[in-house]
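To start, the structure under review is shown below, and the notes come after it.
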Amino acid sequence: MNRRKFVQNSGLTALSALLGAEIVFGNYLPEGYIPLGLQDPDPFKLFNKDPEMVVLNDKPWNIESLAHHLDDKITPNRYMFIRNNGNIPESIDLKAWTLTFDGESVQKPKSYTLADLKSKFPQYTYQLTLECGGNGRAEFDPPAKGNQWTVGAVACAEWTGVRLRDLLNDVGVKGDAVYIGYHAADTHLSGDPKKEPISRGMPMAKALQDETLVAFRMNGEDIPLAHGHPLRLVAGGWPASVSGKWLTGISVRNKVHDGPKMTGDSYKVPCNPVAPGDKVAEEDMCIIESMPVKSLITYPKTGATLPLGKSLSFRGHAWAGELEVTQMLYSIDFGSTWKECALEAPVNRLAWQHFSATAKFPKKGYYEVWARAVDSRGNAQPMVLPGWNPKGYLNNACHRIAVKVV
Amino acid sequence: MMEPSQKFEQSARAISRMMGMIFALFMVMGAFLVYLMIDPTFSAFRPDPKVDTVAVATVEEDDYDKIENGIHVRTGFVEGEGLMTVVNNCTNCHSAKLVTQNRMSADRWRATIKWMQETQNLWDLGKNEDIIVTYLATYYAPEKKGRRPNLENIEWYALEQ
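Taken in order, these protein sequences are the chains called V and L. Anchor point for the first sequence: position 23 equals 52 in the numbering used here, and the numbering is continuous, going up by one each time. Anchor point for the second sequence: position 29 equals 90 in the numbering used here, and the numbering is continuous, going up by one each time.
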């Protein structure tokens, strides 16, 4: 079937639907036209990203980095993955922007302007690791539904803002508060103004941590548009979807927040392990909290060839959700033997840690360097895929790069 | 000499004719503009090309729904029975990329449609649902990957350290 036939089939419906509408100028709107400042069709220019990054989805925008893009200790915007659930807000009025606290468990609703937030509360800066819950989804078998992230939906930028705890104290929270849920200015893909694309949140204990910020700066500058300008919740170590972008509201709830993508199987895994492909009832799914221990080799890029006798210096980052990475190992023999990497302590809690090592290869041939982080509770990255789950979250299997000694 | 009433009747008729013509003109213009919206390249006025011959793709001037090497260029969907039904129903809200990067069985594609209807404002697909599910389950079916695939598409380069 081609477009012509579609036109014939749908012509009448389209006519009757359109006669009432203003069509004269609509006719000149190209398909997919985004008004205002978002017209540039080149996402790399639009978002100031490296053109080598991989666009998984252009409506909504979902763009991931390759492992070697993440070599910087602090991820620059240029290499930071974008994960959107809805459309980026089209107009942002900084003077009129407010953050409103409401919900069952506030004493009284209260709003703050950006100027209020910046002037009335102490500011803090932390390096915080944000990883998409679905990073690594592409490897699951049977395949899991959603954007097929490989390894690059993770970043550790430096965030500056005020503590959510300070704001909650200023608002006044009742004793029955259980959870906070965020609201934001992004719009639903269907165009329905009543629908929120995503409204997730976190338990009070996470909301009250020192490092949980309402941030207005990333890497010392205003937060880039794609990453939540002008205001973003940042909750390091948890699925990045908890760190709501374009933040306009926080509801303090007396129950687990029930906004879109808090319910169903979104950002949930089976409470008990299941066999690959099993159907899991909704009541048997649990909300993901801390992300698991994981690491990436960010230098060199996979595919390095080097002459026999030359050793390979490599490096990368490791992180462990709420916990710290205490040991970093590597293998060049497919997991038979493991050697220790040098591992730095985190700059602050919830920041990724840097590791490095030098490997020697005994003879010519094909090698893979595998990296394996171990957290403070002794949990190590698995060498194969971890437990299958219906939505393909939490794949923390060892990262591998290919190396040839010639 | 005409009676004033006759004169009035005549001018009333003239006005009514003129109004009718203006109305008709507006309708024609309106219809034209609506048509222009639906088919801006006037593709319906060109002879229907035979889709099953290779030459057609190059002869086809309207490349809006061009198929190249079995791929619908505009969306990236694989050419196959039900393609345009999928394009017309599954790319209004989200990108085709969200579909083409996924692999599911018929049951799971159907469950995904149901989820979108329950939570994302997807409309009732009626008879098109079976066409869409069959297309997706045929061309975007799961492949066995095992517990860890080989590293692939490696671009080898000489490392200078």
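Think of the CB as a built atom: it goes at the ideal place given N, C-alpha and C, for glycine as much as any other residue.
- Not one beta carbon of chain L lies nearer than 8 Å to the beta carbon of V:Thr104.
- V:Pro232 carries a strand assignment under DSSP once its states are collapsed to helix, strand and coil.
- Going by beta carbons, V:Ile121 and V:His258 fall inside the 8 Å limit.
- Annotation: V:Asp251 to V:Tyr153 spans about 15 Å, alpha carbon to alpha carbon.
- In this structure, the CA atom of V:Thr127 is about 34 Å from the CA atom of V:Lys420.
- By the C-beta criterion, the stretch 312-324 of chain V is judged to be in contact with the stretch 286-304 of chain V, since at least 3 inter-stretch pairs fall below 8 Å.
- Flagged as an interface residue toward chain L: V:Arg429, by a C-beta distance shorter than 8 Å.
- Judged by pairs of C-beta atoms under 8 Å, the stretch 160-168 of chain V does not touch the stretch 199-211 of chain V, as fewer than three such pairs exist.
- For V:Gly249, no CB of chain L lies under 8 Å from its own CB, so it is not counted at the interface with that chain.
- Bridge partners of V:Pro299 according to DSSP: V:Met314.
- Here V:Ser365 is exposed. Its C-beta has fewer than 16 other C-beta atoms within 10 Å.
- L:Glu142 sits in coil when the DSSP states are folded into three classes, being neither helix nor strand.
- Contact with chain V is found for L:Gln181, since one of that chain's Cβ atoms lies less than 8 Å from the residue's Cβ.
- Proximity of L:Tyr196 to chain V, defined by a Cβ-Cβ separation below 8 Å, is not satisfied.
- Per the Cβ contact rule, the stretch 157-168 of chain L is in contact with the stretch 83-94 of chain V (3 or more Cβ pairs under 8 Å).
- Contact of V:Pro329 with chain L by beta-carbon distance below 7 Å involves Leu220.
- Cα atoms of L:Asp185 and L:Lys175: separation of roughly 9 Å, rounded to the nearest angstrom.
- Between L:Lys205 and chain V, the shortest Cβ-Cβ separation is below 8 Å.
- Judged by DSSP secondary structure, L:Asn211 falls outside any beta strand (DSSP E); it is assigned neither H nor E.
- In the assembly as shown, V:Ala182 is a buried residue. Its beta-carbon has 16 or more other beta-carbons within 10 Å.
- Residue range Leu143 to Lys149 is occupied by the alpha helix (DSSP H) that includes V:Ser148.
- Counting along the chain, the unbroken alpha helix (DSSP H) around L:Arg169 starts and ends at Ala167 to Thr180.
- Contacts with chain V at 8 Å (Cβ-Cβ) include L:Lys158.
- Sequence-ordered contacts of the stretch 381-414 of chain V with chain L read Glu397, Met412, Val413 and Leu414 [C-beta pairs closer than 8 Å].
- L:Thr152 and V:Thr216 have their C-alpha atoms roughly 17 Å apart.
- Residue state for V:Pro222 is assigned as coil, using DSSP reduced to three classes.
- A distance below 6 Å between beta-carbons, with the five flanking residues on each side excluded, links V:Thr129 to the following residues of its chain, in chain order: Ser140 and Gly278.
- The criterion of a C-beta distance shorter than 8 Å is satisfied by V:Asn77 and V:Pro253.
- Using a 10 angstroms sphere on the CB of L:Arg78, the tally of other CB atoms stays under 16, which defines it as exposed.
- Counting along the chain, the unbroken beta strand (DSSP E) around V:Lys323 starts and ends at Lys323 to Tyr328.
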